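Trainee: Counting in our numbering, the sequence shown runs from 73 upward without gaps.
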Amino acid sequence: MKKYLLTYILIGMVTYGKAQEIIEVPHEKASEVVWEQPEKEYFSEIWQTQVVTNVATPTMEVFRPETPNGTAVVIAPGGGLYALSIESEGKNVAKWLNEKGITAFVLKYRLVPTGTDGVKDISEDGATDPSKILKKVAPVMPYSIADGLAAVRYVREKADTFSVDPKKIGFMGFSAGGAVTMGVTYSCKTEDRPDFIVPVYTWTYAMPVKEVPADAPPMLVVCASNDPLGLAPGSTELYASWLNAGKTVGLHMYAKGGHGFGMKKQGLPSDSWISRFYDWAVSEGITNTSK
Numbered sequence: 073m074k075k076y077l078l079t080y081i082l083i084g085m086v087t088y089g090k091a092q093e094i095i096e097v098p099h100e101k102a103s104e105v106v107w108e109q110p111e112k113e114y115f116s117e118i119w120q121t122q123v124v125t126n127v128a129t130p131t132m133e134v135f136r137p138e139t140p141n142g143t144a145v146v147i148a149p150g151g152g153l154y155a156l157s158i159e160s161e162g163k164n165v166a167k168w169l170n171e172k173g174i175t176a177f178v179l180k181y182r183l184v185p186t187g188t189d190g191v192k193d194i195s196e197d198g199a200t201d202p203s204k205i206l207k208k209v210a211p212v213m214p215y216s217i218a219d220g221l222a223a224v225r226y227v228r229e230k231a232d233t234f235s236v237d238p239k240k241i242g243f244m245g246f247s248a249g250g251a252v253t254m255g256v257t258y259s260c261k262t263e264d265r266p267d268f269i270v271p272v273y274t275w276t277y278a279m280p281v282k283e284v285p286a287d288a289p290p291m292l293v294v295c296a297s298n299d300p301l302g303l304a305p306g307s308t309e310l311y312a313s314w315l316n317a318g319k320t321v322g323l324h325m326y327a328k329g330g331h332g333f334g335m336k337k338q339g340l341p342s343d344s345w346i347s348r349f350y351d352w353a354v355s356e357g358i359t360n361t362s363k
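(1) So which of Leu310, Lys192, Tyr154, Ala148 has the shortest CA-CA distance to Lys163?
(2) Let me check understanding here. Comparing Cα to Cα, which of Lys337, Tyr273, Ser160, Lys207 lies closest to Phe115?
(3) What do you get for Glu133, buried or exposed, if any count of 16 or more other CB atoms within 10 angstroms of its CB means buried?
(4) Can you find a heavy atom of the ligand MG that lies under 7 Å from the Cβ of Ala231?
(5) Let's see if you can read the secondary structure: which residues bound the alpha helix (DSSP H) around Tyr258?
(6) By the three-class DSSP mapping on this structure, what secondary structure does Lys163 have?
(7) What is the rounded straight-line gap between the Cα of Lys192 and the Cα of Tyr154?
(8) Classify Asp219 as buried or exposed, calling it buried when 16 or more other Cβ atoms lie within 10 Å of its own Cβ.
(9) Quick one: any contact between the region 230-239 and the region 200-214, if contact means 3 or more CB pairs under 8 Å?
(10) Looking at the structure shown, is Ser235 part of a helix, part of a strand, or coil, going by DSSP?
(11) When DSSP builds the beta bridges, which residues end up paired with Thr175?
(12) Roughly how many angstroms lie between the CA atoms of Arg136 and Gly334, to the nearest whole one?
(13) Buried or exposed: Ile118, going by 16 or more other Cβ atoms within 10 Å of its Cβ?
(14) Should the region 304-320 be called in touch with the region 343-354, which here means at least 3 C-beta pairs below 8 Å?
(15) Looking at C-alpha atoms only, which residue of Ala231, Ile269, Ala223 is the closest neighbour of Asn141?
(16) Tell me, which residues are paired with Met325 by DSSP?
(17) What does Lys180 pair with, by DSSP beta-bridge criteria?
(18) Under a Cβ-count criterion, where at least 16 other Cβ atoms within 10 Å of its own Cβ denotes burial, should Asp264 be classed as buried or exposed?
(19) Whether or not the region 257-277 and the region 207-226 are in contact is what I'm after, with contact meaning three or more pairs of Cβ atoms, one per stretch, closer than 8 Å; do they touch?
(20) In or out: Glu356 buried (at least 16 other Cβ within 10 Å) or exposed?
(21) Please say whether Gly249 and Ile205 have beta carbons closer to each other than 8 Å?
(22) On a Cα-Cα basis, can you pick out the residue from Trp314, Lys328, Pro285, Pro280 that is closest to Thr257?
(23) What are the boundary residues of the alpha helix (DSSP H) that Leu214 is part of?
Right under this line is the structure:
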């Protein structure tokens, strides 16, 4: 893939006492997709959370812990590829990981071009003709996956800059971000292979379960049985594929939790899924308890 010059941008604004570090991910121009609306971040009344839509240029925001322990995670928020749940499935995840010494990168991968309110668009498509969603997602998904691969490759190339171990770079994705996670895993090469993956209520309709790669990384699958989008069977199928191939894999299937729980608190066992991820990561030697 032709590499474009990678731009590293340090934005001089203060958020939570720290300057934001925004990295433009190297990418090829999308030849089959045109964005007419600019990228937009806003609070969605429909989803009751902060979202980003119309991502045409992939970027990552860097979240550095005070004392990095060498582990890194690229985070791909969900949103049906029409939007990104940027807080609950992105920044809040990154901040939690920072508390454990893990360096995090919140990825804005390319999305379906929408109107001014992408959440409204996917909600209307889902209500009138759900098949429209996958039709619109299909031409964009290869670019989203390419963005995920480029993100891993960048973090590995710049590992020293981020105080990261190049052999401890993971990829965690939610829903559509889970589909991107699996797309990255199924198509990666040595330089952009994640060292571990965490698909959370992954959207297996958009990225069906495929043959397990020979060098498949350790995987932790997270979902809820009562996911209203019917994603639990796909998650168990994904788990079984790794298990049957003799690969390292774990599964947390909660009885309740619904879809899109991310870092939201619902007073349910699923609220602690990220702590269970950390326990798993420590037990597998992916990260450590010293910061």
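Where a beta carbon is used, it is the ideal one built from N, C-alpha and C, also for glycine.
Everything numeric in this text was worked out from a predicted model, so none of it was measured.
Mentor: Judging by the given coordinates:
(1) Indexing the sequence shown from 1 puts residue 163 at position 91. Selection Leu310, Lys192, Tyr154, Ala148 evaluated against Lys163 yields Ala148 as nearest (Cα-Cα).
(2) Locating residue 115 in the sequence shown gives position 43, counting from the first residue. Checked all of Lys337, Tyr273, Ser160, Lys207; the closest Cα to Phe115 is Ser160.
(3) Reading the sequence shown from its first residue, position 61 is the one you call residue 133. By the neighbour-count rule (16 or more Cβ atoms within 10 Å), Glu133 is buried.
(4) As presented, the structure is devoid of all ligands, the ligand MG included, so that no description of it is given.
(5) The count along the sequence shown starts at 1 and reaches residue 258 at position 186. Counting along the chain, the alpha helix (DSSP H) containing Tyr258 begins and ends at 248-259.
(6) Counting from one through the sequence shown, the residue named residue 163 turns up at place 91. Annotated three-state conformation of Lys163 is helix, per DSSP.
(7) In the sequence shown, counting from the first residue as 1, residue 192 sits at position 120. In the sequence shown, counting from the first residue as 1, residue 154 sits at position 82. Approximately 9 Å, taken between the alpha carbons.
(8) What you label residue 219 is simply residue 147 of the sequence shown in a count that begins at 1. Buried: at least 16 other Cβ atoms inside 10 Å.
(9) no
(10) Taking the first residue of the sequence shown as 1, we reach residue 235 at position 163. In the structure shown, Ser235 sits in coil (DSSP, three-state: anything other than H, G, I, E or B).
(11) Position 103 of the sequence shown, counted from the start, is the residue given in the question as residue 175. Thr175 is bridged to Ala144.
(12) As a working note, residue 136 is residue 64 in the sequence shown. As a working note, residue 334 is residue 262 in the sequence shown. So the alpha carbons of these two residues sit roughly 20 Å apart.
(13) Numbered from its first residue, the sequence shown carries residue 118 at position 46. With fewer than 16 other Cβ atoms within 10 Å, it is exposed.
(14) no
(15) Counting from one through the sequence shown, the residue named residue 141 turns up at place 69. Taking only the C-alpha atoms, the option nearest Asn141 is Ala231.
(16) For the purposes of this step, residue 325 is identified with residue 253 of the sequence shown, where counting begins at 1. The partner list for Met325 (beta bridge, DSSP) reads Cys295.
(17) Walking along the sequence shown from the start, residue 180 turns up at place 108. In DSSP, Lys180 forms a bridge with Thr131.
(18) Start at 1 with the first residue of the sequence shown, and residue 264 comes out as number 192. Under this definition Asp264 is a buried residue.
(19) yes
(20) Numbered from 1 along the sequence shown, position 284 holds the residue referred to as residue 356. When all chains shown are included, Glu356 counts as exposed.
(21) For the purposes of this step, residue 205 is taken as the residue at position 133 of the sequence shown. For the purposes of this step, residue 249 is taken as the residue at position 177 of the sequence shown. No, the pair does not count as a contact, with Cβ atoms beyond the cut-off.
(22) Your numbering for residue 257 matches position 185 in the sequence shown. That would be Pro285, whose Cα lies nearest to the Cα of Thr257.
(23) Position 142 of the sequence shown, counted from the start, is the residue given in the question as residue 214. As written in the sequence, residue 214 is Pro, which differs from the Leu given in the question. Pro214 -> alpha helix (DSSP H) spans 213-229.
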